[in-house]
Structure formats: C-alpha cells, structure tokens
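Chains as they are written, first to last, in the working numbering: chain A, 5 to 264; chain B, 412 to 789.
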C-alpha cells in the first residue's frame, strides 16, 4: 500500500511517499512561498515523480502543517503535533519527548504508547526561538541561513543576547555588528537564545529521555550541539529532520487505511 | 422537520438578537439602566429598585487604544475592553454601574472609571473571598448599603415585596436556562454551541421579562425536535475566566466534537442553582451568591474542583479546555492546581491563554485540533 504525507509548513513544504515494508519511496522539500496551495500541489507531484508513481497508485493522503486544510488532494488533515509524534515514533520507537523547532513554531511533545500524543506545548504567537528568528538574524548578519551552524563552530566564545523578542534581538545584533563583534560569536549568542526557549518549553512539559529533535532547526549543528551540552544528553535526530512531519502524515495515512 | 427547524431557528434568533441588538433595545427602554461586570453582582437588588441591570461585555471594542492610555497593557483584556467601551461613550445611555470587588483588575476599572468620569454613578460592592457565616453577614450589610445608595440616587424605595418579586423573576430565568442545558445534554438539539453562549448573554442583557417569555417558548418547543443530530464526541467542557470566543467553539465543532457545557461566567456559572424563595430575601441572596463561589478569583480552589467534577459528571464531559484570558493571574495560578487534580482523575486538559478577541486563531486551532486528535486516541 502506498500512502503520502504532505507537510505544508510556514517556510517549507515537505512530502513523503511511504510504501510497503516501511520504505520511503520518495521525498521532496520546497519553499512554501506566498501560496501554500500551489507549493503543496507542486511537492505532491514531485514526490509522485520521484517515486515513479501516479495518483492512482496512492491509497490515501494526509496533509499537515499550517496549510493542511487548503490542499485539494488531502484525504484528511491532521495537526503537525500528531504527525511529528507519529513520524518520530516511526523512526525512533523508544523516544519519549520531542523538541520540534520549525519555521514559526517551537513545540515540545510527550509521546505515549504507540506514538500517541500524551501532552504538548507550543510557543506563543511570537517568532522568538524559531526558524524564522534564525532567518531574520542571518539576514541581519548577511550570511546564509544554512551556514549559521558551521559559522558558530568557528569559535567557542559567545556574546550574550538578552532579548527574547525577534525584533529586539535583531536590533541587538545590529548593535553588536556595529561594535565589530566577530560574527561567529554573535551566531553562538543567537543559538543560545533558541536553546533557552527550548529549555523553557521542555521544563514546562517535563523532560523524559530519550529526546528527539525535529523540524528544520535540527539541521543547524550549532543549535543541536548547544542544546545537547545544556541538557546533558544526546538528541536523536532523523537523517532529514525537516521531513518528520510529512513522514508522520504518511504513517497516519497508512494506519487509517489499515483500520478501514 | 424543515418547518420545525425553521421555527426553532426563529425562536433562537429572537433570543440571541436580544444580545446582538442590546444597545438599541436598552436605549429604547425608559427605566434607568445599570451596568455590571461580574456575575457576583446581585442583579435582583437592581431589578427591585426599578432599574434594568445588564452586563457590560466590552465586545464592540476590538482595539483598546483609549483604555490603554489609562491602564497598563498587562491587565485583564476583558476589563480593558469594558473600559474602552465606557470611554468611547457606548454606555452613555446607562445610569451607572455596580462593580463587584472580585479581582484587582475590576477594582482598577472602578478606580479609573470613577476618577476620569467623576459624574458617572459607579458603585463598588465588596465581595468576601473566604465564605463563612461572618462574611455572609458582612455581605448582607454590603447589599443593604447598595440598597440605600440606590434608593437615594434613583429616589425609590426597595420594598421587601419588590425584592421577593425580583428573586422569582430571576429564578425563572435560571430554571429555564437549566432546562435548556438539560435538553442540550439529553437530546442534543440542532443548536450551535455559540448560540448557547449568546443565549446566556441575552439573559444578562435584559429586559428580563422578554427573555423569560421567549425562553419559555423555546424550551417548550425543543423536545419535539428529538435527537436530530448524531451525538458528537468528544464532549468538551470549557473552563476558565471570562470566555466568549465563538471561534473556539466553532473549531471544536468543525473537528466533530461539541461543547457540552461552559464552566465560565457566560455559561453554567451564571444560571446554576436558585435563590431560596422561602427565606428572607437578603439572607437568601447572600447564600446564593456566596455559595456559588466557584470563580478562580475566590479562594477555595478545592470547592472549584469539586464543582468542575460535578459538571463533568452531569454533562458527560470527555475532556476539558481551560481558557484563560491573558494576564488573569487568578486563573493562571488556578490552572496549575486544577490541572494536577484533573490529571489524577485521568481527564485530559488543554490550556489556552487568549486575548479578548482570538487574534492568533491559526495557532489556537492547531492546539485544539491536536488536543482532540489525542483525545480521540488514534
């Protein structure tokens, strides 16, 4: 049986095709841009192409993410919280806590039996501690978002960024640039802001090990290392952490079909 | 069935319109009007003085630019929007307000209102927080003081007979609302969750006689509609502070669930119980208002929990969504206590902290949907 999960996120749209024997037959990631419906359809056809399949081969499609209820091919829409839990559980069945930091949200999910969501918490309507925050800062520092991780490893000194608000933190970063603070130190300071936010969310739900990290920010080695150091543990991270939500959606699609 | 449904729809709209058209309706009445902001205000006394009591909802002011100049932004958004309406002159048709001393935010509303609109009649009614025989006696003196103030201000005499009549009129509304909610529980009539909320608000808006008359017709008509909708699950109880977000109710319904009851001031809390008509009126009012001390601003959180559990049993509730307005210290503290106790009883709880108007609906929607997905166990 073939199922598809599409995760229409605030920054990127992700797709996964899941086949028999729990095999991932194809995946794709593309920028969401201004029209989530269009990018959703594009990614849907991309994953089909990559898996060498046509629409008729697909048993069921589950969509998730911010644009989840705006996609015509969706069989059912499920929140990214439930999907991340299912995706992480699929990859790491023993994981008890997920820290997911995406483009617009950061959240902590506690997983119970069978990948079920036991409890969860999301950040408030504020971009601090999210991928969007890193994007704003990368722009202010004139570096590429995907280079932030490597840049932060060029030093072990950090500067303190005291502001938790994205807008104020950007101002703070601009002042640091004006003072000629080395960019790697600023980047480390910025990563620590993300780590603090994650730590607060974990503290609110209660951290139970093992802990997995998902979402696009898990691609940033600087944030991952800083988090591991602060929490004193090793994070489980999927080979492609951006795909966890879409994978979870495909897993849920499969579970739903098996129940029918 | 279609004609029945149309008839029912008309009956409901007639009631909810009392709320939606409240300003025009109130303005057209020639009796003096008195606003209130807490369900611990004994409306019976105001009614007995020949006044029309009505709740100030602050619903028309989505932006609080005027009020924010007088109060800090980290104050109760309900109070802030009420003050905005007052400063915008929306309540100029009224003859004053009675503010019960429930919480700090309402006291600040009293302070600012009194100070910046000194010609308005604004009375503070003290409300005890620990409830026992001594504080009940004190509350009776507070009510007597309110009566004396009203008698002088409006040149009336509040007779024992008028008080007893007021009690029976208000009891009638309470009994009607209880019957409506019992029907909601048993036959699940085709009424949207937000309609219940607006019907409770209509009860608060006055004129009371019209509300009672229309609600009597509705609860008599309803049983004929039987079980017209499949019973929706999960059944959700909304708990918390001031709550009037129709969007949140709609999201729950779109997900296939339903709001079974609201443990909030614009819900069950307003109309539960009745005032003992055989007792001396003031003593009976003190008993009624102080014994239903289940607001988070009042001290006994154990009593509040027992009350929640009673509602959970009565309305066959599967899960609780606890909604607190931002900066409501009373509810923000209360939640942690209630969450622990509810978890011991294995009742799932979702916590939402919202502004007056649910501006971040995208996130709220995701939270509610994820919560219901977890409750539905799949």
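Glycine residues also receive a C-beta, built at the ideal position from the N, C-alpha and C atoms.
On a predicted model such as this, the values are computed, not experimentally measured, just so you know.
A direct Cα-Cα distance of roughly 15 Å separates residue 79/A from residue 252/A. Judged by DSSP secondary structure, residue 18/A falls within the beta strand (DSSP E) whose first and last residues are 16-22.
Of the residues assessed, residue 767/B falls on the buried side of the cut-off, its CB having 16 or more other CB atoms within 10 angstroms. Contact with chain A is found for residue 778/B, since one of that chain's Cβ atoms lies less than 8 Å from the residue's Cβ. If you draw a 10 Å sphere on the C-beta of residue 246/A, you find 16 or more other C-beta atoms in it, and that means buried. Non-local C-beta neighbours of residue 152/A in its own chain, meaning closer than 7 Å and more than five positions away in sequence, comprise 138, 142, 191, 224 and 226, ordered along the chain.
Burial of residue 677/B is indicated by the presence of at least 16 other C-beta atoms within 10 angstroms of its C-beta.
In terms of Cβ geometry, residue 193/A and residue 165/A form a close pair [threshold 8 Å].
For residue 258/A, the CB contacts under 7 Å within the same chain, skipping 5 residues up- and downstream, are 5, 7 and 22 in chain order. Between the segment 423-431 of chain B and the segment 486-495 of chain B there are fewer than three inter-stretch CB-CB distances shorter than 8 Å, so the stretches are not counted as touching. If you check the CB distance, residue 205/A and residue 81/A do not come in under 8 Å. In this structure the segment 89-103 of chain A touches the segment 200-219 of chain A; the number of beta carbon pairs closer than 8 Å is three or more. Residue-level contact check: residue 774/B touches chain A, since one or more beta carbons of chain A fall below 8 Å from its beta carbon. In terms of beta-carbon proximity, residue 126/A lines the interface with chain B, with at least one pair separated by less than 8 Å. Residue range 669-674 is occupied by the beta strand (DSSP E) that includes residue 669/B, with no alpha helix (DSSP H) assigned at that position.
DSSP places residue 205/A in the helix class (H, G or I) of the three-state scheme.
In the three-state reduction of the DSSP assignment, residue 699/B falls in the helix class. In this structure residue 773/B is exposed. Its beta-carbon is surrounded by fewer than 16 other beta-carbon atoms within 10 angstroms. DSSP places residue 507/B outside any alpha helix (DSSP H), giving it a letter other than H or E.
In this chain, the alpha helix (DSSP H) harbouring residue 181/A covers 170-182. Shown here, residue 458/B sits in a helix according to DSSP, grouped into three states. A residue is called buried when at least 16 other Cβ atoms come within 10 angstroms of its Cβ; residue 237/A does not meet this threshold and is exposed.
Taking a 10 Å sphere around the C-beta of residue 526/B, we find fewer than 16 other C-beta atoms and assign the residue as exposed. The DSSP-derived three-state label of residue 446/B is strand.
Legend: CB atoms of the segment 582-609 of chain B lying less than 8 Å from CB atoms of chain A are not found in any residue. Taking a Cβ-Cβ threshold of 8 Å, the residues of chain A close to residue 784/B are 82, 83, 85, 86 and 121, in chain order.
Taking the C-beta atoms as reference points, residue 706/B is found nearer than 8 Å to residue 513/B. At least one CB of chain B lies nearer than 8 Å to the CB of residue 70/A. Annotation: the segment 531-571 of chain B contains the following complete segments of the alpha helix (DSSP H) (minimum length 4 residues), in chain order: 544-565. Under DSSP, the beta-bridge partners assigned to residue 762/B are 733/B. Boundaries cannot be given for residue 686/B, as no beta strand (DSSP E) includes it and DSSP labels it neither H nor E. Chain-order list of chain A residues neighbouring residue 460/B: empty, with the shortest C-beta distance near 45 Å, by a criterion of under 7 Å. Here DSSP, grouped into helix, strand and coil, assigns residue 215/A to strand. Within the segment 559-572 of chain B, contact with chain A at the beta-carbon level (separation under 9 Å) is assigned to no residue. Residue environment analysis places residue 744/B among the exposed positions, since fewer than 16 neighbouring C-beta atoms fall within 10 angstroms of its C-beta. With a 10 Å radius around the Cβ and a threshold of 16 neighbouring Cβ atoms, residue 620/B comes out exposed.
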